[in-house]
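Working notes for the structure below.
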Amino acid sequence: MRPRGWSEWTAAVLLGTLVVFGTLSAVWLSRYAVIVHRLTRGVGDTMFYSADGRQWFRLDEQRHDALLTDIAPDLQHAVVAVEDRRFYRHPGIDPIGLVRAAVRDVRSRGRVEGGSTLTQQLARTLFLSNVRSYGRKVKEAAIALLIETQLQKSQILELYLNRVYLSAGVYGVETMSEHLYRKPAKTLTLPEAALVAGLIRAPSTLSPWSNYEGALERSHLVLSQMRAQGFITRQQEEAARRVQPRIQPYRQPGDAKAAWAKDFLRQQFRNEFGGDHPPEWQVHTSFRPSLQDAAERAVAGGIERLRRPGLEAALVAIDPSTGDILAMVGGADYLRSTFNRAVRSRRQPGSAFKPFVYAAALEKGYSPVSVLSNLQKISAPQDPEWNPRNAHGEQLDQMTLREALLESNNAAAANLQQEVSTRAVLRVASDAGSRRRSRCFPAAGRWRGRAASSPCWTPAAFRCSTDRSSASRSSALKSRFR
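So this is what it looks like as C-alpha cells:
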C-alpha cells in the first residue's frame, strides 16, 4: 500500500500540470479571440513583390466578398447540405459527423468523407496551415469552438462562403458566380448553385472549365443531399437534374501571366501563416518577372515544336547559390488545367538521378578511377530478364566511374547501385532533396531513376549536392513586412 504522502504528491503534480496546461491553452486561444472580431472586415490587401522590389500581385485579387443576404438561399443550403449537414446543431465540432466519416472511410478502405465542420474548415482557412497532422486537427477544433462562441451561425456561414477555395485561383462564391455565370451569387438558380457547392470538396479535380462532366455529376450528389435534408422537394431535384448549367469561358483577372507561380506563392503563404496575419502586409518573393516570362516562352515554344496532343510540361528555375526559386511554370495551359506539375507531379527522373548513385559510391570509398567490371551482364536481382541498354554506342565490359558518368552509362549506374546498395543511394538522395524519402524515392524502384520525384525536387537536390552543408529545401518567400 502506497503511503498517503505519495498520493497527495501525485495529485498535486497532476493538478499543477492541468493548471499549467489550461493556462497555456487559454493564452494561446486568447490571441485568436482578439482577432476573431475582425474577421468580418476581411484580411486586407496583402501585396506580393517580385525580387526587383516591384509590386506584383495581391493575395486575394480573385475574391469579392458578399453579404449573406446577397447569396442565393439555394447556394447556402447546398453548401450546408453537402459539407456540414449538422451545421446549425453542433457547437463547432461534430462528434457524430466524425464517427460517420470514420465508418465510411473504414468501409471504403480509404478517405472518402471528411469529418471537419464548416467552422473547422473556416478555422483552418483563416488561421492554420494545410499541413495535415493530429496537432493541426486539435488546434482546428479548439479555434472552431472559439469562433462559435464569438460569432453567430450566419456570420460563420458568410465568412466561409466568402473565403472558400472553389477552383482556378477563385475564392468565394460571389467571385465564382461572376466567373462561371457572369452574374452575382444572389441570382443563381438551383442547378447553378448545386454546381458551385459541389466544387468545394475537390476544386482542382472538379474544375468546371476542365472537367465539366465531373462537376455536373458532383452537383447531382449535392441535389440528392439537399432533398434528403429537406431543403428541396423530389420534384425540384428531378427538375434540376435535367438542367445542365451553361458556364462561361474562364476569364483571367487582369494580368494572366505567371498563374501557376502566383498560385504557388499564395499557397506557400497560407501554409505558413494561414489567415492569421495583419492586413496590408508586404510579401517579398524571390521570383524574377523577366525570368518568369522567359520560362513561360520556353515551355510554350517547346510544346509548339513537338506538336503532340495533350502534351504537358513543367519548369522550375532555382538559384544554386541560395536555393531561391526564380521562375515556375506548371503546365501547358492554365485554363485547361490548374494542376501545378512543377510541384505536385511525380515522374521518373531518369539519368538525372545518376549523380546520387555516384555520390553514394564516393561516400563508400570509391574513387573516380575505380573500375566497374562485367557491365555486359548486368540485371536486376528481382528481374533476371531485365538488362539496361544505352541510347548510343556499344556497351563496354568495364569502365571507370569517371568514364561511366561522363557517358551517362546505364549499365554502369545499375551495377554501381547494386554494389553500394539501393538503401545507401536512397539515403543520399533523401538527404539532398527531401525530408520524406518515401514520397520522392520509394524503394520499389528497381534501380536509379525508376522511382518518381517532382520537377521542383531535382534542382533543389542538385543544389544541395554542390554544398552538402546547405539546406536543400528551395524557397520562394523572402520576407514579410507590414
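If you read the sequence shown in my numbering, its first letter stands for residue 905, the second for the next number, and so on.
Think of the CB as a built atom: it goes at the ideal place given N, C-alpha and C, for glycine as much as any other residue.
None of these values were measured; they are calculated from a predicted model.
| field | Contained alpha helix (DSSP H) runs [length at least 4] in the region 1129 to 1157, N- to C-terminal order | value | 1138 to 1145
| Chain-order list of residues whose beta-carbon lies under 7 Å from that of L1049 (same chain, five-residue window excluded) | Residue 1049 sits at position 145 when you count from the first residue of the sequence shown. Excluding sequence neighbours, L1049 sits near P995, G996, I997.
| When we look at the beta-carbon of A976 and count the other beta-carbons within 10 Å, is it buried (16 or more) or exposed? | The sequence position of residue 976 within the sequence shown is 72, counting from 1. It counts as buried.
| query | Which residue or residues does DSSP assign as beta-bridge partners of I1229? | reply | Counted from its first residue, the sequence shown places residue 1229 at position 325. I1229 is bridged to I1222.
| Which word fits R1251, buried or exposed, when buried means at least 16 other C-beta atoms lie within 10 angstroms of its C-beta? | Along the sequence shown, one-based indexing puts residue 1251 at 347. With fewer than 16 Cβ atoms within 10 Å of its Cβ, R1251 is classed as exposed.
| Hey, A982 and M1130 are a contact pair by Cβ (cut 8 Å); roughly how many whole angstroms apart? | Here the question's residue 982 lines up with position 78 in the sequence shown. Here the question's residue 1130 lines up with position 226 in the sequence shown. Contact holds; Cβ gap of about 6 Å.
| Roughly how many angstroms separate the alpha carbons of L1305 and V1332, rounded to a whole number? | Numbered from its first residue, the sequence shown carries residue 1305 at position 401. Numbered from its first residue, the sequence shown carries residue 1332 at position 428. Using only the alpha carbons, I get a separation of about 18 Å.
| field | Delimiting residues of the beta strand (DSSP E) encompassing H994 | value | Stepping through the sequence shown from its first residue, residue 994 is reached at position 90. Looking at the DSSP string, H994 is not in any beta strand (DSSP E), and its letter there is neither H nor E.
| said: Taking its Cβ as the centre, do 16 or more other Cβ atoms sit within 10 Å of E987, making it buried, or is it exposed? | reply: On the sequence shown, position 83 is the one that residue 987 refers to. Per the 10 Å Cβ criterion, buried.
| task | Leaving aside the five residues before and after Y1154 along the sequence, list all residues of the same chain whose C-beta is less than 7 Å from its C-beta, in chain order. | result | Locating residue 1154 in the sequence shown gives position 250, where the first residue counts as 1. Around Y1154: A1072, H1083, W1113, L1239.
| field | Boundaries of the alpha helix (DSSP H) in which L1063 is found, first to last residue | value | Position 159 of the sequence shown, counting from 1, holds the residue named residue 1063. First-last of the alpha helix (DSSP H) with L1063: 1057 to 1067.
| request: Could you say if the region 1256 to 1271 and the region 1298 to 1312 meet the contact criterion of at least three C-beta pairs nearer than 8 Å? | output: yes
| said: Contact defined as beta carbons within less than 8 Å: I believe A1060 pairs with L1022. What is the distance between those atoms, to the nearest angstrom? | reply: The residue labelled residue 1060 in the question sits at position 156 within the sequence shown. The residue labelled residue 1022 in the question sits at position 118 within the sequence shown. Here the sequence assigns Ile to residue 1060, which means Ala is not the residue at that position. Confirmed, about 7 Å.
| request: Count the CB pairs spanning the region 1023 to 1031 and the region 1041 to 1048 that are closer than 8 Å, and state whether there are at least three. | output: yes
| message | Taking only three categories from DSSP, how would you classify H1188? | response | Position 284 of the sequence shown holds residue 1188. Three-state result, H1188: strand.
| query | Do you know how far the Cα of A1317 is from the Cα of L1381? | reply | Against the sequence shown, residue 1381 aligns to sequence position 477. Against the sequence shown, residue 1317 aligns to sequence position 413. One C-alpha to the other measures close to 37 Å.
| said: Pop quiz: R989 and Q1140 are said to be a contact at Cβ under 8 Å. What is the actual Cβ separation, rounded to whole angstroms? | reply: Counting from one through the sequence shown, the residue named residue 989 turns up at place 85. Counting from one through the sequence shown, the residue named residue 1140 turns up at place 236. Not a contact, Cβ separation roughly 18 Å.
| message | Considering only their Cβ atoms, is the gap separating A1162 from Q1186 smaller than 8 Å? | response | As a working mapping, residue 1186 is identified with position 282 in the sequence shown. As a working mapping, residue 1162 is identified with position 258 in the sequence shown. No; because the gap between Cβ atoms is not below 8 Å, this pair is not in contact.
| request: List the residues that DSSP assigns as beta-bridge partners of M951. | output: To locate residue 951, count along the sequence shown from 1; it is residue 47. Partner(s): R962, Q1186.
| said: For S1358, count the other beta carbons within 10 Å of its own beta carbon; 16 or more makes it buried, fewer makes it exposed. Which is it? | reply: Within the sequence shown, the letter at position 454 stands for residue 1358. Buried is the call here.
| query | With distances taken from CA atoms, which of R1248, L1219, T1226 is nearest A1236? | reply | The residue given as residue 1236 occupies position 332 in the sequence shown. Of the candidates R1248, L1219, T1226, the one whose C-alpha sits nearest the C-alpha of A1236 is L1219.
| query | Does the Cβ-Cβ distance between N1291 and N1313 come in under 8 Å? | reply | The residue given as residue 1291 occupies position 387 in the sequence shown. The residue given as residue 1313 occupies position 409 in the sequence shown. Taking 8 Å as the Cβ cut-off, N1291 and N1313 do not qualify as a contacting pair.
| query | Taking three-plus beta-carbon pairs below 8 Å as touching, is the region 1083 to 1096 in contact with the region 1144 to 1151? | reply | yes
| field | Through-space distance from L1330 to E1142, alpha-carbon basis | value | Here residue 1142 is taken as the residue at index 238 of the sequence shown, counted from 1. Here residue 1330 is taken as the residue at index 426 of the sequence shown, counted from 1. Answer to the nearest angstrom: the Cα atoms are 55 Å apart.
| query | Which one of S1037, S1190, L1103 has the shortest CA to CA distance from D956? | reply | Taking the first residue of the sequence shown as 1, we reach residue 956 at position 52. Checked all of S1037, S1190, L1103; the closest Cα to D956 is S1190.
| said: Alpha carbons only, please: which of E1311, L1300, G1234 is nearest the one belonging to P1259? | reply: For this step, residue 1259 is matched to residue 355 along the sequence shown. Here the closest residue by C-alpha is E1311.
| said: Please report the straight-line C-alpha distance between Y1069 and R1201, rounded to a whole angstrom. | reply: Taking the sequence shown and counting its residues from 1, one reaches residue 1069 at position 165. Taking the sequence shown and counting its residues from 1, one reaches residue 1201 at position 297. Y1069 and R1201: Cα-Cα distance of roughly 29 Å.
| said: Can you tell me which residues form a DSSP beta bridge with Y1116? | reply: For the purposes of this step, residue 1116 is taken as residue 212 along the sequence shown, with counting starting at 1. Its beta-bridge partners do not exist; DSSP assigns none.
| message | I'd like to check one pair, C1360 with V1273: are the Cβ atoms closer than 8 Å? | response | Here residue 1273 refers to the residue found at position 369 when the sequence shown is read from its first residue. Here residue 1360 refers to the residue found at position 456 when the sequence shown is read from its first residue. No; because the gap between Cβ atoms is not below 8 Å, this pair is not in contact.
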